[in-house]
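Student: If you're matching them up, the sequences are chains A and B in order.
With my numbering applied, the first sequence covers 1 to 227.
With my numbering applied, the second sequence covers 228 to 454.
2 protein chains.
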Amino acid sequence: MSLAFAPSTDVSSAAAQAMAMRTPWTAETGLPSMGPVLHFTQDREIYGEGDEADAIFKVVSGVVRTCKFLSDGRRLIDAFHVAGDIFGVEAGAEYSFSSEAVCDCTVISYRRRGLEASASQDAGLSQQLFSYAMRSLARAQVHALLLGRRSAVEKVAAFLVDWATHSANTGTVTLEMTRQDIADYLGLTIETVSRTLSQFERDALIAFSTARQIRLTHPAALRSLNS
Amino acid sequence: MSLAFAPSTDVSSAAAQAMAMRTPWTAETGLPSMGPVLHFTQDREIYGEGDEADAIFKVVSGVVRTCKFLSDGRRLIDAFHVAGDIFGVEAGAEYSFSSEAVCDCTVISYRRRGLEASASQDAGLSQQLFSYAMRSLARAQVHALLLGRRSAVEKVAAFLVDWATHSANTGTVTLEMTRQDIADYLGLTIETVSRTLSQFERDALIAFSTARQIRLTHPAALRSLNS
DNA sequence: CGATTGCTTGATACCTCTCAACCCAGGTGG
DNA sequence: CCACCTGGGTTGAGAGGTATCAAGCAATCG
């Protein structure tokens, strides 16, 4: 289970390393020529649902969220994207999600037109596009299972265990996102997320350094909450 | 929003018509030679999660469900597949879902090996594979939004509206699946599904012919429940 | 400093689940 | 033919989990 586009290798978030090791497509393996490097400050929108999907993006540093909204404002975060992750790939003409900077972050954009031209020529690139889509699909399906059939305790535990794989030194999780982001990823409210984390602390499963820095003192127990 | 692999064209469930109009890949457009035609009786397993994924399938008639289980038996149905729909496409070596016959049904199987060989040669087929994966992804993401951020009333309404598009004569929905199937698709219990349908009947939004035959007497109202 | 933002905690409401009983149609066998 | 059984569906009562509403706290930033 992974929160986002996540190859199995796990690396630090240093941009160069990320680009070399985490990225399924690199300039070497078929992405069209690298586009402009863009910076976004916290909560800045990168693109909106319905915008013309003329570029795809790769995270260099920071964290990006992709999300959908209901008309009354309810939000579901589909995924958090970290360094090396690709986001914004669409089959149709428009983006089907919004994407925003969870924290200050840097992304590279690639013209979509160039990509499609290359794919029709390059069987390897086509294969990678298919592979990317299938991995995204698997992630979305696991997410649906989480949303549909797990309790709040299981959801929060799963989130911590998953996000811990993105942290450099195992055992300590750094949450770049707010409680609201976590709640909207898990289909909960901010209060339930907070209460569940507090419960984990009382049960000595985790220990807070700060609200955003958590030591997993008993990761096996957290993992066992995911059947 | 669609419940399953569903091109926008809507047709009856007659097999020949389905194969001609609903199927994104047909023998003509790149699927490897047609494999054996298989019949499954109600609730028979077609393949299990973890089985070697050596074939993909196309529904000829009937309805197939693909689902995942948690270790304690909780189930989530990912999708219902109707005539013309493809299911069982995997990137890895194993099926990531189980699939079972919702009712007596007929499917065609295709050797996966042949497909991959063709795809590496045929850019059009590669494109269709990518397109299939992206459509499945979009469906899974909408499903996640449903599971994570909608109430029971909204879920059941969305299900009825969606499933109605598969019925020949609009206005009447034939539910091939049990209440348990619906519940496991919506992340609810059987009782909540039943109560919600009864409530819709009291509110004159629907009318039961039988428990499995429902007239949508006020489809606009049902649709308006999906923001 | 005061204001703001993010987070936590408490009290209560309510939605959905759980457990149980019951109904109904269909099938089976005496 | 009818008693019985079974599986699917409905309904009720009550419990429980999560949401809602509200207050308070800590850190940050003008």
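Think of the CB as a built atom: it goes at the ideal place given N, C-alpha and C, for glycine as much as any other residue.
Please classify A:Phe229 as buried or exposed, where buried requires at least 16 neighbouring CB atoms within 10 angstroms.
Tutor: Look at the range of chain A in this structure, 1 to 227, and you will see that residue 229 of chain A is not part of it.
Student: Per DSSP, which one or two residues make a beta bridge with B:Thr405?
Tutor: Answer is none; B:Thr405 lacks a bridge partner.
Student: Output the distance between the C-alpha atoms of A:Lys155 and A:Leu186, rounded to the nearest integer angstrom.
Tutor: C-alpha separation (whole angstroms): 6 angstroms.
Student: According to DSSP, is A:Leu216 helix, strand or coil?
Tutor: Looking at A:Leu216 - three-state DSSP - the assignment turns out to be strand.
Student: Quick test of the definition: if touching needs 3 or more C-beta pairs under 8 angstroms, does the segment 290-297 of chain B touch the segment 360-378 of chain B?
Tutor: No, they do not touch.
Student: What first and last residue would you give for the alpha helix (DSSP H) that runs through A:Thr192?
Tutor: Unbroken alpha helix (DSSP H) run through A:Thr192: Ile190 to Arg202.
Student: Using a Cβ-Cβ cut-off of 7 angstroms, state whether A:Leu70 counts as contacting chain B.
Tutor: A:Leu70 counts as touching chain B.
Student: Please state the DSSP three-state secondary structure of A:His39.
Tutor: Residue state, collapsed to three classes: strand.
Student: What's the call for A:Glu176, buried or exposed, on a 16-neighbour Cβ count within 10 Å?
Tutor: Buried.
Student: Measure the alpha-carbon distance for A:Leu125 versus B:Ser358 and round it to whole angstroms.
Tutor: Approximately 14 angstroms between the Cα atoms of the pair.
Student: Between B:Glu343, B:Val369 and B:Val329, which has its C-alpha nearest B:Glu272's C-alpha?
Tutor: Ranking B:Glu343, B:Val369 and B:Val329 by Cα distance to B:Glu272 puts B:Val329 first.
Student: Check whether chain A comes within 7 angstroms of B:Ser363, counting only Cβ atoms and requiring the distance to be less than that.
Tutor: Yes, contact with chain A.
Student: Tell me whether the segment 315-332 of chain B and the segment 269-283 of chain B touch, counting them as touching only if at least three CB pairs, one residue from each stretch, are closer than 8 angstroms.
Tutor: A contact exists between the segment 315-332 of chain B and the segment 269-283 of chain B.
Student: If the cut is a Cβ gap below 8 angstroms, which residues of chain B does A:Arg111 touch?
Tutor: Ordered by position in chain B, no residue passes the 8 angstroms Cβ test against A:Arg111, which lies about 18 angstroms from the chain.
Student: At what residues does the alpha helix (DSSP H) containing A:Phe159 begin and finish?
Tutor: First-last of the alpha helix (DSSP H) with A:Phe159: Ala152 to Ala164.
Student: Closest to B:Asp331 by C-alpha separation, out of B:Met361, B:Thr399, B:Val286 and B:Ala438, would be which residue?
Tutor: Measuring from the Cα of B:Asp331, the nearest candidate turns out to be B:Val286.
Student: Go to A:Leu129, then tell me how far its beta strand (DSSP E) extends in each direction, as first and last residue.
Tutor: Here A:Leu129 belongs to no beta strand (DSSP E); instead the alpha helix (DSSP H) covers Ala123 to Arg149.
Student: Check whether the Cβ of B:His266 lies closer than 7 angstroms to any Cβ atom in chain A.
Tutor: No, because no Cβ of chain A sits closer than 7 angstroms to the Cβ of B:His266.
Student: With a CB to CB cut of under 8 angstroms and the five nearest residues on each side skipped, what residues in its chain are close to B:Gly262?
Tutor: Excluding positions up to five away in sequence, the list reads Ala282, Ile335, Ser336, Tyr337 and Arg338.
Student: Smallest Cα separation from A:Thr41: which of A:Arg75, A:Thr189, A:Gly73 and A:Ser99?
Tutor: Among A:Arg75, A:Thr189, A:Gly73 and A:Ser99, the Cα nearest to that of A:Thr41 belongs to A:Ser99.
Student: With distances taken Cα to Cα, identify the nearest neighbour of A:Glu221 among A:Ala211, A:Ser120, A:Asp203 and A:Thr106.
Tutor: Residue identity differs from the one stated: residue 221 of chain A is Ala in this sequence, not Glu. When only C-alpha atoms are compared, the closest one is A:Asp203.
Student: With a Cβ-Cβ cutoff of 7 angstroms, do A:Ser120 and B:Ala350 count as a contact?
Tutor: Yes, they are a contact pair.
Student: Since B:Asp305 is in the beta strand (DSSP E), which residue starts that stretch and which ends it?
Tutor: Counting along the chain, the beta strand (DSSP E) containing B:Asp305 begins and ends at Arg302 to His308.
Student: With a CB to CB cut of under 8 angstroms and the five nearest residues on each side skipped, what residues in its chain are close to B:Cys302?
Tutor: The sequence given here places Arg at residue 302 of chain B; Cys does not occur at that position. For B:Arg302, where only same-chain residues beyond five positions count, the Cβ hits under 8 angstroms are Cys294, Lys295, Phe296 and Asp411.
Student: Report yes if the C-beta distance between A:Thr172 and A:Arg212 is below 7 angstroms; otherwise report no.
Tutor: Their beta carbons are not under 7 angstroms apart, which means A:Thr172 does not touch A:Arg212 by this criterion.
Student: Once DSSP output is grouped into helix, strand and coil, what is the label at A:Glu116?
Tutor: Three-state result, A:Glu116: helix.
Student: Report, in whole angstroms, the separation of the C-beta atoms of B:Thr423 and B:Val380, which I expect to be a contact under 8 angstroms.
Tutor: B:Thr423 to B:Val380, Cβ: 6 angstroms. Contact.
Student: Figure out for me which residue from B:Asn396, B:Gly375, B:Ser394 and B:Gly315 has the closest Cα to the Cα of A:Met134.
Tutor: When each option's Cα is compared against that of A:Met134, the closest is B:Gly315.
Student: Return no unless some Cβ of chain B is closer than 7 angstroms to the Cβ of A:Ile182.
Tutor: No, its Cβ sits nowhere closer than 7 angstroms to a Cβ of chain B.
Student: Please identify, using Cβ separations under 8 angstroms, the residues of the segment 300-311 of chain B that lie next to chain A, in order along the chain.
Tutor: Those residues of the segment 300-311 of chain B that come within reach of chain A (Cβ to Cβ, closer than 8 angstroms) are Arg301, Arg302, Leu303 and Asp305.
Student: Please look up how many angstroms separate the CB atoms of B:Ser454 and A:Ser71, rounded, as I've assumed it's under 8 angstroms.
Tutor: Indeed, because the Cβ distance is near 4 angstroms, the residues count as touching under 8 angstroms.
Student: Taking 7 angstroms as the threshold (C-beta atoms), are A:Ala91 and B:His370 in contact?
Tutor: Not in contact: B:His370 and A:Ala91 (Cβ atoms no closer than 7 angstroms).
Student: With distances taken from CA atoms, which of A:Asp78, A:Ile182 and A:Phe57 is nearest A:Gly84?
Tutor: Looking at the Cα atoms, A:Phe57 is the closest of the given residues.
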